[in-house]
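Protein sequence lines correspond, in order, to chains Z and H. The opening position of the first sequence corresponds to residue 1 in the working numbering, with each subsequent residue numbered one higher. The opening position of the second sequence corresponds to residue 1 in the working numbering, with each subsequent residue numbered one higher. Since the structure comes first, as structure tokens, the remarks are kept for the end.
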Amino acid sequence: MAFKGTIVIDMEKCKGCDVCVTGCPNSCIALSKKVNKKGYNYLEMLNEDSCIGCANCAVICPDGVLEVYRVKV
Amino acid sequence: MTREEIIKPENLVYRRTPVLTDATMHYCPGCGHGTVHRMIAEVIEEMGIQENTIGIAPVGCSVLAYNYFDVDFIEAAHGRAPAIATAIKRLKPDHFVFSYQGDGDLAAIGTGETIHTCNRGENITMIFVNNGIYGMTGGQMAPTTLEGMKTATSPYGRDREIMGNTLKITELLAQLPGTCYVTRQAVYSPATARKCKKAIRQAFEYQKLGKGVSFVEVVSNCNSGWKLQPVQANEWLVENMLPMFPLGDMKVPDKE
């Protein structure tokens, strides 16, 4: 049984701390080169296909900016 | 399967809990306070106790905690959160009362209140965020600062001869008869954050039993105070803080 997932990022609240990136087991996420209104390099999805919706990034996010969705495939 | 097909309400596995307000937290990027706030809010949501929970905010970085929780909150004078929690719990014994404090607040200015509240065995939950530094005031030395650690007031590193030993207050409190559950957790990785949430849940459950103080220490980072990037600060925490502050339960009540 495999899972497929995706995340929704509240990019205006993201502070670009990079902690979630180290928590991701499949290296799906990375900080963007663009900045949000506060000047932080916000998080973006790099590799949509390898996300399994494990919610590690959301559990470790200090600012609670992530929503995680997961389906069985 | 496209992104639009996955993003449906029935597939939601994690979202920001509504017990937290929509306000953007003022903490530095990567600060453990935000994670601990979210863990507490999630526990309150899971237990369905939002209406009858009262929190006590400390002085320190988390002085504005009341802006982020959608529960009743009182702001305490520096270090006096356990004293206020005592009063509230005695007046409203059917409410869940928790204090949220940092190491400068709980282990320095409020040592007296902390020890006596734990010794009296008030039925409250105490959350203690330990980052070994006074973060809010500019990174001064705290009682929990490690030996040799450089801070604004110990620029050559903490010297035991002059500045004393690192205070392991959680070990101290575990010896007191008034505490029922004493544990030390961390939030530097997803696995430890999940464990930390379980511990906070346990602490709130033990408050129901009325056996005394349930105390959760969270070893956290202070990347601004430690002058490190958030990820490096977490690595520094694992290398330096954890040998001094090992994780795990120190006291668990007997099962009946």
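Don't be surprised by glycine CBs; every beta carbon is placed ideally from N, CA and C. Since the model is a prediction, treat every value here as computed from it, not as a measurement.
In this structure, the straight-line span from the alpha carbon of H:Glu235 to that of Z:Asn26 is close to 20 Å.
Every unbroken stretch of the beta strand (DSSP E) spanning 3 or more residues and falling wholly within the region 3-30 of chain Z is given here in chain order: 3-9.
By the criterion of a C-beta distance shorter than 8 Å, H:Leu173 is surrounded in its chain by Thr114, Ile115, Cys118, Thr179, Val182, Val213 and Phe215, once the five residues flanking it on both sides are discounted. Within 9 Å of the CB of Z:Ala55, the CB atoms of chain H belong to Val13, Tyr14 and Pro190, in sequence order along the chain.
In this structure, DSSP gives H:Phe73 an extended state, which the three-state scheme calls strand. Runs of the beta strand (DSSP E) lying entirely within the region 48-120 of chain H and spanning at least 3 residues, in chain order: 53-57, 72-75 and 96-102. A straight line joining the alpha-carbon of Z:Met45 with that of Z:Met11 spans about 11 Å. In this structure the region 45-56 of chain H lies against the region 89-101 of chain H, because at least three pairs of beta carbons, one per stretch, are closer than 8 Å.
Using beta-carbon distances, H:Ile133 does not count as an interface residue toward chain Z, since no partner is under 8 Å. For chain H, the residues of the region 18-39 of chain Z that bring a beta carbon within less than 7 Å of one of its beta carbons are Asp18, Val19, Thr22 and Gly23, in chain order.
In this structure, H:Ser154 places its C-beta atom within 8 Å of the C-beta atom of H:Met141.
The C-beta distance from H:Pro190 to Z:Asn56 rounds to 4 Å, short enough to fall under 8 Å.
Counting along the chain, H:Met141 sits inside no beta strand (DSSP E), nor does DSSP assign it H or E at all.
With respect to chain Z, the C-beta atom of H:Arg160 has no partner C-beta closer than 8 Å. Apart from sequence neighbours up to five positions away, the residues of its chain that approach H:His37 with a beta-carbon distance below 6 Å are Tyr68, ordered along the chain. DSSP lists H:Ser99 and H:Phe215 as the bridge partner or partners of H:Met126. Less than 8 Å separates the beta-carbon of H:Val219 from that of H:Ala186. By the CB criterion at 8 Å, Z:Val59 and H:Ile6 fall outside the cutoff.
Contact of H:Leu20 with chain Z by beta-carbon distance below 7 Å involves Gly64.
When the alpha-carbon of H:Ala108 is set against those of H:Ala81, H:Thr21 and H:Cys222, the nearest one is in H:Ala81.
Here the region 71-87 of chain H does not lie against the region 143-161 of chain H, with fewer than 3 beta-carbon pairs under 8 Å apart. In this structure, H:Phe96 sits near H:Gln207, with a CB-CB distance shorter than 8 Å. Leaving aside the five residues that flank H:Thr35 on each side, the residues in its chain whose CB is nearer than 7 Å to its CB run, in chain order, Val187 and Ala193.
Using a Cβ-Cβ cut-off of 8 Å, H:Asn165 does not count as an interface residue toward chain Z, since no Cβ of chain Z sits closer than that to its own. Residue state for H:Asn223 is assigned as helix, using DSSP reduced to three classes. H:Ala193: member of the alpha helix (DSSP H) spanning Pro190 to Leu209, first to last residue.
In the three-state DSSP reduction, H:Val43 falls in the helix class (H, G or I). Between H:Glu45 and H:Val19, the beta carbon gap of about 5 Å places them in contact (Cβ cut-off 8 Å). Around Z:Glu67, the beta-carbon contacts reaching into chain H at under 8 Å are Leu12, Tyr14, Arg15 and Arg16. Along the region 38-56 of chain H, the positions whose C-beta sits under 8 Å from a C-beta of chain Z are Arg38, read in chain order. Excluding sequence positions up to five before and after H:Ile49, its CB lies within less than 6 Å of the CB of Phe96, all in the same chain and listed in chain order.
Closest by C-alpha distance to H:Met241, out of H:Tyr156, H:Ile162 and H:Ile133, is H:Ile133.
Of the residues Z:Val19, Z:Val8 and Z:Met1, the one whose Cα lies closest to the Cα of H:Val231 is Z:Val19. Contact with chain Z is found for H:Arg3, since one of that chain's Cβ atoms lies less than 8 Å from the residue's Cβ.
Scanning chain Z for C-beta atoms nearer than 7 Å to the C-beta of H:Arg194 yields Val59, reported in chain order.
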